[in-house]
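Below is one structure, written out as structure tokens; comments come after it.
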Amino acid sequence: MAEPSSPFDKTSSNSWSLSSIIGDEGGADTIENDLGDHNDEELQLQWGAIERLPTRRRLRLSLLKLPEGEHGIMRVVDVTQIEAVERHLFIEKLVKNVEEDNQKLLKKLRERIRRVGVKLPTIAIRYKNLSVDARCEGLTRGCRINSREAEVSILKDVSGILKPARYN
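Okay, structure coming up:
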């Protein structure tokens, strides 16, 4: 006698079809995950289905584009169970998005400064033997009486020049 299938029956790549997660048993409304048929509306439907899941399941799932052939396939993946290659792609995608966001922000800021006509500083700042120390206090979770203080040296005897428009 066959066991009833769980909505989270795994395929060989630790991913699930969207229909198995939301409970569609292969009816006419099954969403194809092939990027050839994929558009923004279907992507929104997939994310909508994930958002309707209970919080515990939703936090573990993500849509991940896996490179297979010329164009990748969008799959619903449990990020706690992914293999090394999928994990690498997932983290690379996150880092890439952060880098692109930072670049867009800096480009917009630079364009706005240029458009408004604000002149950036034209002086150079020289420093010699610069030292920066910080005093830190470490507390234990249970009680705040047993605090330990430590002094951390961040910069020690640093010399140099900060040139205009290169403050980064």
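Take the sequence shown: its letter number 90 is residue 90 in full-length UniProt numbering, and every next letter is one higher.
All C-beta atoms, glycine included, are put in the ideal place defined by N, C-alpha and C.
Among the candidates Asn129, Val77, Val116, whose CA atom is the shortest distance from the CA of Gly160? The shortest Cα separation from Gly160 among Asn129, Val77, Val116 belongs to Asn129.
Assuming Leu53 contacts Leu61 (C-beta within less than 8 Å), just tell me the rounded distance between them. About 7 Å separates the Cβ atoms of Leu53 and Leu61, confirming a contact at the 8 Å cut-off.
If you pair each beta-carbon of the region 85–97 with each one of the region 110–117, do three or more pairs fall below 8 Å? no
Cβ-based burial, Leu162 [other Cβ within 10 Å; buried from 16]: exposed
Terminal residues of the continuous beta strand (DSSP E) containing Gly160? Note, Gly160: beta strand (DSSP E), 148–162.
Does the beta-carbon of Asp157 have 16 or more other beta-carbons within 10 angstroms, so that it is buried, or is it exposed? exposed
Tell whether a beta-carbon distance below 7 Å holds between Arg135 and Glu151. Taking 7 Å as the Cβ cut-off, Arg135 and Glu151 qualify as a contacting pair.
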